[in-house]
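**Student:** Can you keep this structure in mind? I'll have questions shortly.
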Amino acid sequence: MTTLTGAGVSPGTGYGAAFLLRFKIAEPAAGSRHDGDPVAETARAEAAVARVAATLEERGVACGGEAEEVLRAQAMMALDPELSADVAGLIDAGVAAERAVYDAFLRFRDVLAEGRGYVAERVADLDDVRDRVIAELTGVPMPGLPGEAEAPYVLVAHDLSPADTATLSRDVVAAFVTERGGPTSHTAILARAMGVPAVVACPGATSIAEGTMVLVDGTAGVIMVGPDEAEVRTRLNGSAPGAGPVETGRTSTGTARTPAAPARTADGRRVPLLANIGGPRDVAAALDNGAEGVGLFRTEMLFLDREDSPSLEEQVAVYREVFEAFPGAPVVVRVLDAGADKPLPFLRPTGDEPNPALGERGIRLFRTYPDVLTTQLQALARAAEDTSPLLQVMAPMVATADEAAWFTALAREAGLAGAGVMIEVPAAALRAHDLAGQTAFFSIGTNDLSQYAFAADRELPSLAPLHAPWHPALLDLIALTAAAGIPTGVCGEAAADPALACVLTGLGATTLSMTPTAVPWARAALAGHTVAQCEAAAAAARRAAAPEDAREAALVHLPGLAEAVDAPADPVARGEAGPS
1 MTTLTGAGVS PGTGYGAAFL LRFKIAEPAA GSRHDGDPVA ETARAEAAVA
51 RVAATLEERG VACGGEAEEV LRAQAMMALD PELSADVAGL IDAGVAAERA
101 VYDAFLRFRD VLAEGRGYVA ERVADLDDVR DRVIAELTGV PMPGLPGEAE
151 APYVLVAHDL SPADTATLSR DVVAAFVTER GGPTSHTAIL ARAMGVPAVV
201 ACPGATSIAE GTMVLVDGTA GVIMVGPDEA EVRTRLNGSA PGAGPVETGR
251 TSTGTARTPA APARTADGRR VPLLANIGGP RDVAAALDNG AEGVGLFRTE
301 MLFLDREDSP SLEEQVAVYR EVFEAFPGAP VVVRVLDAGA DKPLPFLRPT
351 GDEPNPALGE RGIRLFRTYP DVLTTQLQAL ARAAEDTSPL LQVMAPMVAT
401 ADEAAWFTAL AREAGLAGAG VMIEVPAAAL RAHDLAGQTA FFSIGTNDLS
451 QYAFAADREL PSLAPLHAPW HPALLDLIAL TAAAGIPTGV CGEAAADPAL
501 ACVLTGLGAT TLSMTPTAVP WARAALAGHT VAQCEAAAAA ARRAAAPEDA
551 REAALVHLPG LAEAVDAPAD PVARGEAGPS
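Written as structure tokens, this is what we have:
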């Protein structure tokens, strides 16, 4: 038996025959020229980009949940105006569309590759978009993965694209193993969302012979090539020797169908771990992973892709389905967050918006269309009448105490006592004490708070370095908000990082909400550390000057977690990787 090591990024154990994905789009010939019609050539390139972006969007919608967000971001990457301008400029200079796309993407790739952590891990996403556009232009088939199989297999690749990972069925994939990637790569995010064990950053993975039986421990970051039967039985299902044939498949993450164990720090402080969901279809994953409720129920899915607002009855039916799944548990509903990148035909801003991200969005639109908000609040109240969640509602894009008071008053008129606001705007964080007097709780949306704090569009790859959840400036705003003295939750991918979950607790967060499959990891991280350790980690992170330094400084105060998170993350540097 040979053992490989890497970074375990999605817990559980998978066993099956290795399926090696080898796909590479050939580099277009250097110096290739078009036939002299730059307008037609540019149109050809733009059409290819548009088809790729549309396909990514469609796949995202079909998958839903976190995969939808990942693929939507990748589609936005394809449509980046700066990239398009670069491609057009090269074509104007006579370069053929395929080569122009390759060269333009290469420039962006170099910028991302110079970064670290999350930023560097976007390189694979950019490469995938580039390859898909070139495949469109050259007529080469897109990468294909087996959608069906006689038995679950272990997918092994140099790297996996979000588009392929998201569309794989968890019924046929026992585990993922890649040579590249990291804890925040999209392969890792999507594997956790699917509940499939995964190990990334595993040198030598693609040297595994096709069809070899492989056992993958996604918790420890270990891959056993050709394990004996006893090892498989012990790790996969704990069965005794001779208990029947060993079957391919995987364990759960260890939390499937288990009651929601209350999350606590090592010294007993309760930190409820909640799930981010987009509707009823995400409820099962939340329950499977032991979420103690819902910390962010996005309601946009009810309103998107339609000409009119959904009726009160239609909304009641959807809300009730979610509420029934969480009797006696907290369910925090964010009312419709329309505008900016989510325009709706029945909620148009009052004027032209040259920069929609800074325009009428969230609660600002409701000032113009209060009836839409009133109907939604009434629907939520009615759905709660014959169910028993601990229902709370919150408004997006609140910037002032006046806006918070207006929303709280409307919620109370609808019979909803638990009204809070999202903290996504620096002004709200800076004046959290003022807002605290007008609302019952805060929920910090770290992605938008980062976007507005750094004046950096979260969809622009060139500005991605500014969107690190470990950035000390962002941590300062979170600490300032929590210091206002009312219950303060954090929702978003930031809380899904076990180390950051401890730091957020140390900053004063009272609840954490995340993608469902991250809940067990966050629970384990909190259980292993005291409040004092979390606070020390938070303070150290805030003293740092850069995100990477902040994380490194925090891990010093989180013993055990440092080894679990970092040791497998860079096995090459530590000299621990490779066959043994």
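Each residue of the sequence shown is one higher than the last, beginning at 1 in full-length UniProt numbering. Idealized CB from N, CA, C, for every residue including glycine. Owing to the predicted nature of the structure, the values given are computational and were not obtained by experimental measurement.
1) In angstroms, rounded to a whole number, what distance separates the CA positions of P396 and A414?
2) Can you tell me where the beta strand (DSSP E) with S513 in it begins and where it stops?
3) When burial is assigned at 16 or more other CB atoms within 10 Å of the CB, is T350 buried or exposed?
4) Once the 5 residues before and after I208 are set aside, which same chain residues still bring their CB inside 6 Å of it?
5) Taking DSSP as the reference, what is the three-state secondary structure of C502?
6) Would you decide whether D131 is buried or exposed? Buried here means 16 or more other CB atoms lie within 10 Å of its CB.
7) Flag this pair as yes or no: are the beta carbons of R320 and A383 separated by less than 7 Å?
8) Taking buried to mean at least 16 other C-beta atoms within 10 Å of its own C-beta, is E98 buried or exposed?
9) If I measure Cβ to Cβ from L463 and keep anything under 7 Å in the same chain, skipping five residues before and after, which residues do I get?
10) Can you list the alpha helix (DSSP H) stretches of 4 or more residues lying completely in the region 354 to 381, in chain order?
11) Taking DSSP's pairing of strands, which residues face L21 in a bridge?
12) So what's M142 in DSSP terms, helix, strand or just coil?
13) Whole angstroms are fine: how far does the CA of M76 sit from the CA of L410?
14) Should F346 go down as buried or exposed, given a rule of 16 or more other Cβ atoms within 10 Å for buried?
15) How far does the beta strand (DSSP E) with F297 in it extend, from its first residue to its last?
16) Between V87, D164, L137, which lies nearest to D125 when the distance is taken from Cα to Cα?
17) Tell me, which residues are paired with N276 by DSSP?
18) Using only alpha-carbon positions, find the residue among P197, L302, D127 that is nearest to residue 623.
19) Please identify the residue among L526, A554, E552, A537 whose C-alpha is closest to the C-alpha of P262.
20) For the beta strand (DSSP E) that contains L312, what are its first and last residues?
21) Would you kindly work out how many angstroms separate the C-alpha atoms of L416 and A440, rounded to a whole number?
22) Could you tell me if R361 is buried or exposed, where buried requires 16 or more neighbouring beta carbons within 10 angstroms of its beta carbon?
23) Relative to the C-alpha of G204, which residue among H158, E314, A62, A468 is closest?
24) Taking buried to mean at least 16 other C-beta atoms within 10 Å of its own C-beta, is E424 buried or exposed?
25) Is there contact between the region 532 to 546 and the region 466 to 482, where contact requires at least three CB pairs shorter than 8 Å?
26) So, does the CB of E58 fall closer than 7 Å to a CB anywhere in chain B?
27) Which residue from G31, A428, A329, Q392 puts its Cα closest to that of A291?
28) Give the secondary structure of Q438 by DSSP, where H, G and I count as helix, E and B as strand, and everything else as coil.
29) Comparing alpha-carbon positions, which option in R44, Y153, P310, Q315 lies nearest L215?
30) Am I right that residue 589 and P11 are in contact with their C-beta atoms under 8 Å? What's the rounded C-beta distance?
31) Could you pull out every residue in the same chain whose Cβ sits closer than 6 Å to the Cβ of V9, ignoring the five residues on either side in sequence?
32) Tell me whether A325 is buried or exposed, calling it buried when 16 or more other Cβ atoms sit within 10 Å of its Cβ.
33) Of the choices A518, E57, C63, whose alpha-carbon is the least far from that of N289?
34) Note down, in chain order, each residue of its chain lying with its Cβ closer than 7 Å to the Cβ of Q438, except the 5 sequence neighbours on either side.
35) From the DSSP secondary-structure annotation, give me the bridge partner or partners of V490.
36) State the Cα-Cα distance for the pair L83 and K24, rounded to the nearest angstrom.
**Tutor:** Based on what the coordinates show:
1) 18 Å
2) 511 to 514
3) With fewer than 16 Cβ atoms within 10 Å of its Cβ, T350 is classed as exposed.
4) A18, V156, V225
5) helix
6) buried
7) For the 7 Å CB-CB criterion, R320 and A383 form a contact.
8) buried
9) Around L463: A456, D457.
10) 363 to 368
11) A157
12) coil
13) L410 and M76 have their C-alpha atoms spaced approximately 36 Å apart.
14) exposed
15) 294 to 298
16) D164
17) L296
18) Because the chain spans 1 through 580 in this model, residue 623 falls outside it and cannot be assessed.
19) With distances taken between Cα atoms, P262 lies closest to L526.
20) Unbroken run through L312 is the alpha helix (DSSP H), 312 to 324; no beta strand (DSSP E).
21) Cα to Cα, the separation comes out at about 11 Å.
22) In the assembly as shown, R361 is a buried residue. Its beta-carbon has 16 or more other beta-carbons within 10 Å.
23) H158
24) buried
25) yes
26) Given the protein chain composition of this structure (a single chain), no chain B is represented.
27) For the residues G31, A428, A329, Q392, the minimum Cα distance to A291 belongs to A329.
28) coil
29) Y153
30) Residue 589 lies beyond the stretch modelled for the chain, which goes from 1 to 580, so this question has no answer here.
31) P183, A188, A198, V200
32) buried
33) Cα-wise, what sits closest to N289 is A518.
34) A401, A404, A405, T408
35) I444, L512
36) So the alpha carbons of these two residues sit roughly 22 Å apart.
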